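With my numbering applied, the sequence shown covers 36 to 636. Inspection log for the structure reproduced underneath, given as structure tokens.
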Amino acid sequence: MKFLTLLIAAAAITISFTYGKNYKGAEYRTKENYTYGRFEVRFKPANREGVVSSFFTYHEISSTAEWNEIDIEAIGRYTNLVQFNTITPGQQNHVRNNYVAFNPFVDFHDYAFEWTPDYIAWFIDNEEVYRQTGDFVKSVVHEQKIMMNIWNPVYTGWVGYWNDDFLPARSYYDWVSYSSYTPGSGNTGTSGNFSFQWKDDFDSWDKNRWEKATHTFGGNQADFIQENAVLQDGYLILCLTDETNIGLSDNRKPNILWARENFDNTVTVMFSEEINKPIAETVSNYTIPGVKVISANLNEDSKSVLLHTQNYDPDITYNIIIQNITDDESIPNKMALKAISIIQINELFLPVKINAGGSSLGEFNSDIEWSSSTEYGYSNGSGKMWPQNIIIGGTSDGNIYKYELNGLAAYKIRVKNGTYNIKLMFAENEFNESGRRIFDVVAEGRLLKDNLDIYSEVGKNQAFDIEASIEVNDEVIDLYFPEETGNAIINGIIVDHGTTDININKSLPDDFELLQNYPNPFNNTTIIKFYLNSEQNLKLKIYDSLGRNIVTENLGSLSVGEHKYEWNGNGANESSLSSGVYFYSLQGEKNFSVKKLMLLK
């Protein structure tokens with residue numbers, strides 16, 4: 036997808052072949068055009084805010100009246116979203132910010148879409164996740180080229196905020212395949228209605244099939260150059276670079292983007308790029324004056340490090356000094372010694388009430404954009420205030436429903452680990468019929484409402500609320516609103532205490548420390564890590580949500596230091612377990628500690 040707003044349509048049509056921009060991206064495109072079919076790719080996108088890594092088909096146009104395009108886009112600001120879009124004549128966007136239960140930037144995944152005269156459907160790892168069947172699908176009739184590109188848009192509301200420290204950014208493509216649409220006589224795809232035609236494993240540049248683009252367009256901060264489309268080691272690597280260090284060259288050192296304290300007295304440090312794991316996990320590379328850093332763990336994104344501490348006082352403002360960090364290049368670039376202030380928590384007092392899309396109103400806080408320095412906020416979307424003389428029925432908080440956050444993709448709220456009651460407030464103040472706005476509501480990975488059509492539920496100018504109890508184990512409430520039709524909206528959010536506290540911890544800090552398992556949630560194995568400050572006998576147990584003992588492991592006498600226990604939630608003894616929340620406890624000679632984990636099957 037070239038961009039998301041009609042305001043720059045004219046700029047987009049004008050393709051420029053000059054090279055006056057400060058950044059250089061890449062685009063790989065077929066020479067042949069295709070009409071209908073199944074288009075597949077296996078790729079790992081660039082994990083950078085402000086960057087789009089894409090796989091799409093596009094009809095080269097001379098006016099927006101001819102626009103036909105089908106997109107899969109990974110946008111670096113989101114760790115649990117992949118964006119789908121169909122763009123139709125007049126540059127009409129039909130967007131879905133599709134929630135996924137994994138971080139798409141960590142590993143390769145298979146993505147595909149099927150384009151037929153009657154539907155367009157998207158697939159992730161061979162499972163259909165979204166389908167469009169609206170009348171607009173019938174206008175997607177023009178032949179299109181298969182394309183992949185990497186670029187940094189100027190549109191911060193869409194992609195987040197670019198930083199030169201993010202350079203270079205790379206998106207890796209393992210293979211691409213195409214199957215033609217042959218209903219009733221195919222050998223692949225939905226109902227066997229597609230016939231396999233070709234697959235390119237990117238062992239070399241097939242110049243008969245592919246070309247490397249040399250152009251740019253409005254809203255793109257980069258020029259596309261051939262040197263930044265690299266084929267190496269069986270991958271197509273699309274690179275985003277500066278003007279000088281093009282291709283796979285990299286002489287830029289890692290930088291610290293931010294450091295932030297967490298409620299459990301850990302500290303998260305975010306770096307500008309993927310860093311070397313052994314060096315990142317060397318405790319002596321981190322100094323917080325007055326605080327002991329006892330461990331450092333590189334997270335799965337390979338960019339952020341979680342520091343476990345002792346003697347950390349959240350009432351004190353700390354600086355952190357970091358040294359020796361290198362990136363993961365074959366010839367590593369080493370960061371100089373640097374210091375940065377640790378962002379302190381500004382804890383929200385519950386119940387927290389948010390006027391989504393609006394300013395502060397009574398007990399409701401004003402809305403803000405999510406960032407490393409905020410306690411809550413939205414990603415994407417814009418605020419709107421409806422006429423104050425409209426009357427909202429079905430509520431005593433009618434004024435809140437007159438404000439609206441429109442087009443949001445995600446919302447996050449920082450809280451302590453625990454159980455919370457949330458109230459999500461909606462009102463349809465625009466449309467007078469059902470079917471115009473439909474979206475899903477996802478909280479903490481749980482689908483709260485499928486295909487919410489507010490008008491269909493209660494009509495226009497009527498309050499519709501979703502209330503649920505949720506469990507948080509990563510100190511952030513994550514809300515997502517995948518679109519089915521039109522833009523998602525929300526009018527207000529209320530978060531209050533739940534009935535129980537997940538973060539039960541009765542261990543003494545000078546005895547041992549039980550850490551949160553990782554990955555979490557997980558669907559196969561997970562690692563439970565703990566630290567001992569004295570040699571002792573330990574027992575680890577896992578319980579279900581009803582308190583039934585699932586696993587008991589006598590760990591015996593363990594020495595001082597770091598220890599790990601790997602649990603396979605799909606093992607022989609656990610094969611009957613279902614997805615859900617489980618507890619794990621570590622019991623020592625004097626104390627014990629309990630935490631929760633989430634098993635997905």
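Idealized CB from N, CA, C, for every residue including glycine. None of the values given here were measured: they were computed from a predicted structure.
- Message: Here's the rule I'm using: 16 or more other beta-carbon atoms within 10 Å means buried, otherwise exposed. How should Tyr617 be labelled?
- Response: buried
- Under the DSSP definition of a beta bridge, which residues are partnered with Ile19? This structure cannot speak to residue 19, because the chain is shown only from 36 to 636.
- Straight-line gap, Ile226 to Glu149 (C-alpha atoms, nearest Å): Contrary to the premise, residue 226 reads as Ser rather than Ile in this sequence. Their Cα atoms are separated by approximately 12 Å.
- Message: Measuring only the C-alpha atoms, how far is Lys288 from Arg295?
- Response: 21 Å
- Message: Could you compute how far the alpha carbon of Val347 sits from the alpha carbon of Thr322?
- Response: A small fix is needed here, since residue 347 is Tyr in this sequence, not Val. So the two alpha carbons sit approximately 12 Å from each other.
- The beta strand (DSSP E) enclosing Ala136, as first and last residue numbers: Ala136 -> no beta strand (DSSP E), and no H or E assigned at all.
- Distance, Tyr63 Cα to Leu271 Cα: 9 Å
- Can you find at least 3 beta carbon pairs, one from the region 118 to 126 and one from the region 182 to 192, that sit closer than 8 Å? no
- Item | Residue of Ser284, Ser337, Asp268 and Phe474 minimising C-alpha distance to Asn138 | Ser337
- Query: Taking the Cβ atom as the reference point for each residue, do Gly73 and Thr223 lie within a distance shorter than 8 Å?
  - Reply: In the sequence under discussion, the amino acid at residue 73 is Arg, which differs from the Gly named in the question. Yes, the pair counts as a contact, with Cβ atoms nearer than the cut-off.
- Query: Can you list, in chain order, the residues of its chain whose CB lies under 6 Å from that of Asp363, leaving out five sequence neighbours each side?
  - Reply: Glu309 and Asn311
- Tell me, to the nearest whole angstrom, how far the beta carbon of Pro533 is from that of Gly453; I am working on the premise that it is less than 8 Å. Strictly speaking, residue 533 in this sequence is Gly, with Pro absent from that position. Yes, they are in contact, since the Cβ atoms of Gly533 and Gly453 sit about 6 Å apart, within 8 Å.
- Query: By DSSP, does Lys288 sit in helix, in strand, or in coil?
  - Reply: coil
- Query: For chain C, is any of its Cβ atoms less than 8 Å away from the one on Val586?
  - Reply: This model lacks chain C altogether; it includes just one protein chain.
- With distances taken from CA atoms, which of Gly393, Thr114, Phe237 and Ile525 is nearest Leu266? Phe237
- Please classify Asp142: does DSSP put it in a helix, a strand, or coil? coil
- Asp475: buried (16+ other C-beta within 10 angstroms of its C-beta) or exposed? buried
- Closest Cα partner of Tyr134 within the set Ala109, Gln261, Gly85 and Pro152: Ala109
- If you drop the 5 nearest sequence neighbours on each side, which residues of the same chain put their C-beta closer than 8 Å to that of Val318? Val328, Ile329, Ser330 and Ala331
- Outcome for Arg481 when other beta-carbon atoms lying within 10 angstroms are tallied against a minimum of 16: exposed
- Item | Exposure label - Met420; buried when at least 16 CB within 10 Å | exposed
- Within its chain, find whatever has a CB closer than 6 Å to the CB of Met305; leave out the 5 residues flanking it on each side and keep chain order. Leu292, Trp293 and Ser339
- Task: For Leu635, name the three-state secondary structure that DSSP assigns.
- Result: coil
- With contact counted as at least three CB pairs below 8 Å, one residue from each stretch, are the region 506 to 519 and the region 420 to 431 in contact? no
- Query: Among all the DSSP beta bridges, which residues are the ones paired with Tyr213?
  - Reply: Phe74 and Trp233
- Message: What does the alpha-carbon distance come out to for the pair Asn605 and Asp579?
- Response: 14 Å
- DSSP-derived helix/strand/coil call for Ser88: strand
- Message: Suppose the cutoff is 7 Å on Cβ atoms and the five residues either side in sequence are ignored; what does the same chain contact list for Glu465 look like?
- Response: none
- Quick one, which of Glu597, Thr303 and Asn552 has its alpha-carbon nearest Asn568's? Glu597
- Item | Contacts around Gly85, its chain only, beta-carbon distance under 8 Å, and the 5 residues preceding and following it disregarded | Gly111, Arg112, Asn187, Pro188, Thr191, Val194, Gly195, Tyr196, Trp197, Asn198 and Phe201
- Task: For the beta strand (DSSP E) containing Gly591, list its first residue and its last residue.
- Result: Asn584 to Leu593
- Alpha carbon to alpha carbon, what distance is there between Ser417 and Gly442? 7 Å
- Contact the region 490 to 506 vs the region 456 to 472: 3+ CB pairs below 8 Å: yes
- Item | DSSP-derived helix/strand/coil call for Thr225 | helix
- Coil, strand or helix - Asn320 by DSSP: helix
- Does DSSP classify Asp170 as helix, strand or coil? helix
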